[in-house]
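Chains as they are written, first to last, in the numbering used here: chain A, -15 to 244; chain B, -15 to 244.
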């Protein structure tokens, strides 16, 4: 180590300060360029799916808060409708008596307290916020759909944009996803259960994210369906990575026929 | 027990089905009325402060996501500004070259990738969402301010609307807050530390939510300031509960003078 340091010092002493500075700047430029070029479409897709998930969690949380608040005023109506978005829209556009009429109740029968208009306006502020939340989420999903169709048409056609993007998110990059065997793809998103299996000998998980795919979710033998789907996805990803022909539809039809 | 049941059955057999039904309906009506009347202004205030807190957490989470995403495109600018709201507004209103110019950089020197316009539009969707988030939070804070001023003017003047509302939230209702000794008010929001103290003999907490009050936060002896402030708050709450005269300003001035 001491010797290495010495030889480094020797080398340094032979260099003029200017040439060192030039070297540093040149190096910095190259590194910056490398960073700039390392951002691919897959990074953008990963950020998009993460944002969509954050928006989903946030919207649900706020909607629950809204209901708790609004139920002081009109509990019966809130209990009659489970869709958060529709609920928010309705309480903005209609009055309490109209809403109660829809579910066949009179205002006098309600357990809700009589609240001043300006207090209700505050509640509705939150409802408006929740609607813009769902709108943004929808727009981002549309964008994701388009981006996935261009970036990996086969994987997208086979798995659907949300599942494909989630797989990509778990893998970290498209290149990494491409290098994964189908058994790994099958378990992406079930890491916790997998490591519990390896550590404690608990049962091995049979599917991760791809359980959300209709082919797997509807199947009776989910483990088998998950294995087959992961198999095809792993093919589709490789075709996409090497810009092969479009076979996504064929792959999807094949698996749907087999699992009928 | 068996005897009680028997006598209940006897009682029931003496009643006609109609009279029983009438009794049931009458009871239901009274219960509904009691529920309706149990909602006070303090319930609304508690919901408001909970919503404000949810909005705050949500906005911060989304803003971090936005930055991670936007930094693929323009990392230097994101690092130069820490205010999330301002950051979101600026990236919507100005182009990358303008933003980089503001921090004295040229576009060619940036490490950010060149991203298509429609990909950037997706990022900006999230930025717009974050701005509406902060706007809603601000409007609710305004509403809370007004509501607190009307509902408990003394506590509000002494503690400020956010802290007073948080104390109310922790206590559960204004009546409960009114019944609390000042030592309990002092520790509201530090329950975890308090129970750790009781259970394991760790150090006793000296302040909870009221640490956020400028009088306590700026003080050198925070424990003493917290004790004094909790003392005055407990007086203010009782005055508000029994609709006494306005002495909030005097209380606040007294404590500020003492701690100078």
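In this text, a Cβ means the ideal position worked out from N, Cα and C, and glycines have one as well.
### Query
Any idea what DSSP makes of residue 164 (chain B), helix, strand or coil?
In the second chain, residue 164 (chain B) corresponds to position 180, counting from 1. DSSP places residue 164 (chain B) in coil when its eight states are reduced to three.
### Task
Step through the CB atoms of chain B and report whether any lies within less than 7 Å of the CB of residue 103 (chain A).
As a position in the first chain, residue 103 (chain A) is number 119, starting the count at 1. Closer than 7 Å: yes.
### Message
Counting C-beta neighbours from all protein chains within 10 Å, is the total for residue 153 (chain A) 16 or more, i.e. buried, or is it exposed?
### Response
The residue given as residue 153 (chain A) occupies position 169 in the first chain. Label assigned to residue 153 (chain A): buried.
### Query
Does residue 0 (chain A) get closer than 7 Å to chain B when you measure Cβ to Cβ?
In the first chain, the residue the question calls residue 0 (chain A) occupies position 16. So, not an interface residue.
### Message
For residue 218 (chain A), report the span of its alpha helix (DSSP H) as first-last.
### Response
Locating residue 218 (chain A) in the first chain gives position 234, where the first residue counts as 1. Residues 206 to 225.
### C-beta neighbour in chain B for residue 127 (chain A), strict 7 Å
Locating residue 127 (chain A) in the first chain gives position 143, where the first residue counts as 1. With 7 Å as the cut-off, residue 127 (chain A) counts as an interface residue toward chain B.
### Query
Can you list the residues of chain A that residue 19 (chain B) reaches, using a CB-CB cut of under 7 Å?
In the second chain, counting from the first residue as 1, residue 19 (chain B) sits at position 35. Neighbours of residue 19 (chain B) on chain A, chain order: 95.
### Nearest to residue 243 (chain B) (by Cα), restricted to the options B:224, B:204, B:231, B:214
On the second chain, residue 243 (chain B) is found 259 positions in, with the first residue counted as 1. Nearest option by C-alpha distance: B:204.
#### Entry: Rounded straight-line distance, which links the Cα of residue 155 (chain A) to that of residue 52 (chain B)
In the second chain, the residue the question calls residue 52 (chain B) occupies position 68. In the first chain, the residue the question calls residue 155 (chain A) occupies position 171. Answer to the nearest angstrom: the Cα atoms are 18 Å apart.
### Task
Could you pull out every residue in the same chain whose Cβ sits closer than 7 Å to the Cβ of residue 231 (chain B), ignoring the five residues on either side in sequence?
Within the second chain, the letter at position 247 stands for residue 231 (chain B). Correct list, in chain order: 138, 223.
### Message
Pop quiz: residue 46 (chain A) and residue 131 (chain A) are said to be a contact at Cβ under 8 Å. What is the actual Cβ separation, rounded to whole angstroms?
### Response
In the first chain, the residue the question calls residue 46 (chain A) occupies position 62. In the first chain, the residue the question calls residue 131 (chain A) occupies position 147. Not quite, the Cβ-Cβ distance comes to about 27 Å (not below 8 Å), so this is no contact.
### Message
I'd like to check one pair, residue 239 (chain B) with residue 149 (chain B): are the Cβ atoms closer than 7 Å?
### Response
What you label residue 149 (chain B) is simply residue 165 of the second chain in a count that begins at 1. What you label residue 239 (chain B) is simply residue 255 of the second chain in a count that begins at 1. No.
### Query
Taking 7 Å as the CB-CB limit, is residue 27 (chain B) close to chain A?
Working through the second chain from its first residue, we reach residue 27 (chain B) at position 43. Taking Cβ atoms only, chain A reaches closer than 7 Å to residue 27 (chain B), which makes this a yes.
### Message
Taking the straight line between their C-alpha atoms, what separation do you get for residue 193 (chain B) and residue 175 (chain B)?
### Response
Residue mapping note: residue 193 (chain B) aligns to position 209 of the second chain, counting from 1. Residue mapping note: residue 175 (chain B) aligns to position 191 of the second chain, counting from 1. Answer to the nearest angstrom: the Cα atoms are 10 Å apart.
### Query
Ordered along the chain, which non-local residues of its own chain (more than five positions away) have a Cβ less than 8 Å from that of residue 91 (chain A)?
Against the first chain, residue 91 (chain A) aligns to sequence position 107. So the qualifying residues of the chain are 80, 81, 84.
### Query
The alpha helix (DSSP H) with residue 118 (chain A) in it runs from where to where?
As a working note, residue 118 (chain A) is residue 134 in the first chain. Segment 101 to 135, the alpha helix (DSSP H) holding residue 118 (chain A).
### Message
Less than 8 Å between C-beta atoms, sequence neighbours within five positions excluded: which residues of the same chain meet that for residue 207 (chain B)?
### Response
Position 223 of the second chain, counting from 1, holds the residue named residue 207 (chain B). Closer than 8 Å at Cβ, skipping near neighbours: 190, 191.
### Message
By the 7 Å beta-carbon criterion, what residues does the stretch 23 to 52 of chain B contribute toward chain A?
### Response
23, 27, 28, 31, 32, 34, 35, 38, 42, 45, 46, 49, 52
### Task
Only counting runs of 4 or more residues, tell me where the alpha helix (DSSP H) segments fall wholly within the stretch 13 to 54 of chain B, in order along the chain.
25 to 54
### Query
Closest Cβ-Cβ distance between residue 16 (chain B) and chain A: below 7 Å?
For this step, residue 16 (chain B) is matched to residue 32 along the second chain. Chain A contact via Cβ: present.
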